[in-house]
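Accompanying notes for the structure given below.
There are 2 protein chains.
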Amino acid sequence: MSEIRTVRGMRDLMGKEMLVRNYLIEQAVQVFRSFGYEPLDSPVMELWETLSAKGGDEVEAETFKFEDKGGREVGLRFDLTVPLARIVATNLHLPKPFKRYAIGKAWRYDRPQAGRYREFMQADVDVIGASSPAADAEVVLVALEFSRRVLKTNYIVRINNRKVLKGLTEIAGVPDDLAHECFRSIDKLDKIGKKGVLEELSSRGISKESSEKLLDAIELRGNGLDVLDKFAELLKESEIGTEGVEELKFMAEIFEETEVSSLVEFDMALARGLDYYTGAVFEGRYLGKPALGSIFGGGRYDHLIERFGGQPTPATGISLGIGRLVDVLIAMGETDGLESELQVFIAPLKRPMVRYAARLANEFAKADVTVEFDLMERSLKKLLALSDSKGARFTVIVGPRDLEKGQVSIRNMETKDTVLINLEDAVEYVSSKL
Amino acid sequence: MSEIRTVRGMRDLMGKEMLVRNYLIEQAVQVFRSFGYEPLDSPVMELWETLSAKGGDEVEAETFKFEDKGGREVGLRFDLTVPLARIVATNLHLPKPFKRYAIGKAWRYDRPQAGRYREFMQADVDVIGASSPAADAEVVLVALEFSRRVLKTNYIVRINNRKVLKGLTEIAGVPDDLAHECFRSIDKLDKIGKKGVLEELSSRGISKESSEKLLDAIELRGNGLDVLDKFAELLKESEIGTEGVEELKFMAEIFEETEVSSLVEFDMALARGLDYYTGAVFEGRYLGKPALGSIFGGGRYDHLIERFGGQPTPATGISLGIGRLVDVLIAMGETDGLESELQVFIAPLKRPMVRYAARLANEFAKADVTVEFDLMERSLKKLLALSDSKGARFTVIVGPRDLEKGQVSIRNMETKDTVLINLEDAVEYVSSKL
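Residue numbers (the numbering used here), protein chains in the order written: chain A, 1 to 434; chain B, 1001 to 1434.
This is the structure we're talking about:
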């Protein structure tokens, strides 16, 4: 019994936090379904061959990897994108576009810190098989509609495009093989400031001249098509950069048709960490406290499915960070009304009354009325206090004398009125009053 | 790219199977909440110290166990009871009874076979802190109400009590240290028959005389209080046996008050595999095809929480096998109406129309209307055929000429009637027709 606790960096969820998470998942499912996405689930573990196909140096260091009893290397998934890519690569008959949602846990062997756990829950939507920037816009609209429902206000999405960043490095004269390193430094602008980025670029071997060109550009950000005209002007000499700006413009035109346009910020400094993005990248931020970093993020990954042996397949998707949003909603205090209200508490007064209490509980539950009956053989006084503290609307008192006449007492906990009702009419009586 | 597939014994869930699983979980949550259970979630992995505290020789062989990068031994949970026992043992402030539900996956390194996977989903309810058999009866009522909702018919629950079995071994003269071995053999009566059980008992070192006494008894089974009178008569010389029968009678009295009484079979041969059961044990069976074994099971485990360093705490619970029920419902063909109906399909006729299609999709989704818009720039003919094959109720056609007048065409896919509606009135128009 030396150690009875959770695994480091992981947490139990109960009480209010659990109710908030269930609420967030319900809302996400509603939005995902409205936008025509279908559910998919995959095992929590994948063969190591699959997980490592995603590439990136950090995959192995961050993965819970182990050998199963058959000596085969497996690992817990670190996101919901790898399982999707595997499924798409191996199921050639899927209709395109294939729009799926997935809600589940993923695991990363990170350093645990505030708002970051080694086990976390994500809710993802992805569109497989559509190269149009309309698909990128759609997954952003999904995330924004979800955010509107659960946060109401205080959130934005920042958007950029990897082709824009590639164009930028071309213009700035950064060698091709340093481009991804360069993106990683640029992405840290908000965290480490211009000076920090400059130092990182220099340490990565990028020339002072290139670095300064980059730094001039990466502060470009703003709403709507105007800022994209500036992107276009800056990148007019780069073919790939211009292509990226065109894709962003297509997205911007869609957003301009909706009321979310003011929530969308095009941001030349946004890169997102993953190596496999090929086009649009997006990141949602909650602007209130606690400042927990991104609440959703994603992007286009047109070459990932090939890495799993699949056909070349355009793909884009977005992932909602459910765990962080639990913390945000708790901090906002916007959690009233999430607890399922106890509607009826049943108080059997003696052991032989328990069977009638259980019978009534069963009937109430069948009628979708939330009910509990006393399992502890407590006194009436205690039971009424308990029913009150649980917020029950009605207490049904099953006593021997009433029961001899086939009746039970039903107490309205608000008005304190008590009526005698025939046992078989109790559910109908209470249901009519709820 | 040598191996791109799922881990052995695990499966992806999509399409109809996934919709069925979501339906089962929704129904379970509804029933659990109606009976006053609150949700709880825990990490998928536990420290090995925790998992091994449950005891039993097979735990290590059946667990996905590994060392994390810090050299600490951890394992994937093999049920939802161990995490609950850990939480109860370490959270001394929980109000009693603590009634929690949990829905999640668990993992066992079994031999994969039909209907059995190494990753499986369970939905559990447990009552912590109540020693009354009313709590045992309640969790059975929960499982039966869930079964009624999803299966309608063709299911029963078999119930026994470990004290009854203990009494039986006393009467039969089986040595104490062989009692659990003996339970395991008895439990196999349905699988291997009387002759098989006799052979097993003999091989476990139980005398012929004892074995024959056991075999006479374990065929006792039936509905209601009458069969329990036979249990009582048989065990009248055993104090613990008599106590067990009294507990079963309390449960039977509760069931007799409800309409589920005919679904409850008291069965002297039911033992259930786990060593830690201390009182009532229950097992639900689906009687139709495919014959998948138990669909739910559980029992009372009054000493488990102590094994995790907690206070002595009575506890009972039941676990629904969601994965098996998915297979049952698919086989029953009772899966119509689970697919979320696509209500509106939006067909933009040219690329510049896509932004209006996206705008409309966003507005429909905000109004909880299930909608998709074309992301593939297909022709009208193809889009109408697609909309039809997806079962959409309406197709909204966004064409350049209509749009010049601020209008879109809305086609009722059933009547084939098409009307021109102002863009801003489209959602209201369609919503009013759904």
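Beta carbons: idealized from backbone N, C-alpha and C, even for Gly.
Just so we're clear, the structure is a prediction, and the values are computed from it rather than from any experiment.
Considering only beta carbons, the part of the stretch 1289-1312 of chain B lying closer than 9 Å to chain A consists of 1307, 1308, 1309 and 1310, in chain order. Here residue 330 of chain A carries a helix assignment [DSSP, helix/strand/coil].
Taking CB atoms only, residue 191 of chain A has no neighbour in chain B less than 8 Å away. By the neighbour-count definition (other C-beta atoms within 10 Å, threshold 16), residue 1212 of chain B is an exposed residue. The secondary-structure analysis by DSSP pairs residue 350 of chain A with nothing; it has no beta-bridge partner.
When C-beta atoms of the stretch 1286-1301 of chain B are compared with those of the stretch 1338-1348 of chain B, fewer than three pairs fall below 8 Å, so the two segments do not count as touching.
Going by DSSP, residue 50 of chain A is part of the alpha helix (DSSP H) stretching over 48-52. Any Cβ of chain A closer than 8 Å to the Cβ of residue 1400 of chain B would place that residue at the interface, and such an atom is absent. Its chain contains 331 as the residues whose beta carbon lies nearer than 6 Å to that of residue 290 of chain A, once the 5 sequence neighbours on both sides are disregarded; these appear in chain order.
Look at the stretch 365-411 of chain A and you find these whole runs of alpha helix (DSSP H), each 4 residues long or longer: 380-389 and 400-404.
Below 8 Å, enough C-beta pairs join the stretch 47-61 of chain A and the stretch 70-83 of chain A to call them touching: three or more.
A Cβ-Cβ separation of about 6 Å places residue 1313 of chain B in contact with residue 1088 of chain B under the 8 Å criterion.
Cα atoms of residue 1258 of chain B and residue 102 of chain A: separation of roughly 40 Å, rounded to the nearest angstrom. Membership of residue 1086 of chain B in the alpha helix (DSSP H) is indicated by the continuous run 1081-1090. One Cα belongs to residue 324 of chain A, the other to residue 286 of chain A, and the distance between them is close to 10 Å. Listed in chain order, the positions of the stretch 1363-1385 of chain B with a beta carbon within less than 9 Å of a beta carbon of chain A are 1363, 1364, 1365, 1366, 1367, 1368, 1369, 1370, 1371, 1372, 1373, 1374, 1375, 1376 and 1377.
Residues of chain A whose Cβ lies closer than 7 Å to the Cβ of residue 1258 of chain B are, in chain order, 359 and 362. In the structure shown, residue 1218 of chain B falls within a coil segment according to DSSP collapsed to helix, strand and coil.
Taking residue 44 of chain A as reference, the option from A:393, A:143, A:104 and A:360 with the minimal CA-CA separation is A:104. In this structure, residue 295 of chain A and residue 284 of chain A form a Cβ contact; the two beta carbons are roughly 5 Å apart against a cut-off of 8 Å. Here residue 406 of chain A is exposed. Its C-beta has fewer than 16 other C-beta atoms within 10 Å. When rounded, the separation of the alpha-carbon atoms in residue 280 of chain A and residue 134 of chain A is 11 Å. Within the stretch 1009-1073 of chain B, the alpha helix (DSSP H) runs of at least 4 residues that lie entirely inside it are, in chain order, 1015-1034, 1048-1052 and 1058-1062. Residue 433 of chain A and residue 1350 of chain B have their C-alpha atoms some 56 Å from each other. Residue state for residue 160 of chain A is assigned as strand, using DSSP reduced to three classes. Residues of the stretch 1244-1255 of chain B whose Cβ lies closer than 9 Å to any Cβ of chain A, in chain order: 1250, 1253, 1254 and 1255. Cβ-Cβ distances below 7 Å link residue 272 of chain A to 187, 281, 283, 297 and 299 in the same chain, with the five nearest sequence neighbours on each side left out; the list follows chain order.
Listed by position along chain A, the residues whose Cβ is nearer than 8 Å to that of residue 1030 of chain B are 368. If you look at residue 136 of chain A, you'll find it in the alpha helix (DSSP H) that goes 133-151. Residue contact with chain B for residue 197 of chain A: absent (no Cβ-Cβ distance below 8 Å to any residue of chain B).
Closest in C-alpha terms to residue 1396 of chain B, from the list B:1415, B:1361, B:1018 and B:1378, comes B:1361.
Residues are counted here when their Cβ sits less than 7 Å from a Cβ of chain B; for the stretch 90-117 of chain A these are 90, 97, 105 and 109, given in chain order.
Residue 1341 of chain B: not part of any beta strand (DSSP E); DSSP gives it neither H nor E. Judged by DSSP in its simplified three-state form, residue 1415 of chain B adopts coil rather than helix or strand. A direct Cα-to-Cα measurement between residue 1430 of chain B and residue 1391 of chain B gives close to 15 Å. Taking the C-beta atoms as reference points, residue 417 of chain A is found no nearer than 8 Å to residue 409 of chain A.
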